[in-house]
Amino acid sequence: MAPADSTTIAQESDVLQNGSSGDVQRRRAMALHPSAGVQKLHILIHSDPDLGRVHIVVGGCLTPVNVHGLDLVVRRVSSLSPGSEVVLNLTQAQAWEGMSGTLEAAAIEGRVSEGAPAHCERRRLRVLPTKAQGSAEEKL
């Protein structure tokens with residue numbers, strides 16, 4: 001039987017400490033994935049029992065890439081109860097510099113209404129803007 005080299009011993013040690021080698025590879029892949037960073041959105045949705053008002057609380061960092069995911073959430077919530085008031089609370093979120101126009105109620109309404117069925121166009125959207133802080137890019 002040939003003696004084991006240091007690489008094999010290190011791999012075996014890693015497997016014993018952290019589970020199977022598949023688990024190790026999955027953890028590494030998850031750590032390297034773009035969504036693992038600080039550029040994530042945290043979304044909490046509150047609703048009245050009759051869906052008269054739906055409150056979407058957004059935290060995390062709004063970027064030009066993930067704002068489209070937020071649009072999808074607003075569209076889906078609006079489709080649950082046409083005519084309901086949708087309050088998009090961005091006060092706990094940070095936004096990249098230059099995103100202020102993208103996060104205004106009219107801009108969000110325009111993107112959400114694009115291609116939406118006619119029964120969803122009766123939504124009442126109110127946006128509570130992000131706090132005026134420094135650039136989120138500088139904090140990353």
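In terms of our numbering, the sequence shown opens at residue 1 and continues consecutively. Glycine included, every Cβ here is placed at the ideal spot set by N, Cα and C.
Whole angstroms is fine: what's the gap from residue i's alpha carbon to residue j's?
i: Leu103; j: His68; result: 11 Å
i: Arg27; j: Gly60; result: 22 Å
i: Lys131; j: Glu97; result: 12 Å
i: Ser100; j: Ala29; result: 33 Å
i: Ser81; j: Arg124; result: 11 Å
i: Leu70; j: Asp23; result: 31 Å
i: Glu138; j: Asp50; result: Low confidence applies here, because Glu138 scores a pLDDT of 41, under 50, leaving its location unreliable; read the following figure in that light. One C-alpha to the other measures close to 42 Å.
i: Asn66; j: Ser47; result: 23 Å
i: Arg126; j: Gly52; result: 13 Å
i: Gln25; j: Ala31; result: 10 Å
Is residue i near the ligand PLP, with its Cβ less than 7 Å from a heavy atom?
i: Ala31; result: With respect to the ligand PLP, the structure shown offers nothing to examine, as it has no ligands at all.
Would you call the CB atoms of residue i and residue j closer than 8 Å?
i: Val112; j: Ser84; result: no
i: Val142; j: Ile108; result: Since the first residue of the chain shown is 1 and the last is 140, residue 142 is not available in this structure.
i: Leu54; j: Ile45; result: Note that residue 54 corresponds to Val in the displayed sequence, not to Leu. A contact, by the Cβ cut-off of 8 Å.
Hey, residue i and residue j are a contact pair by Cβ (cut 8 Å); roughly how many whole angstroms apart?
i: Leu128; j: Val87; result: 7 Å
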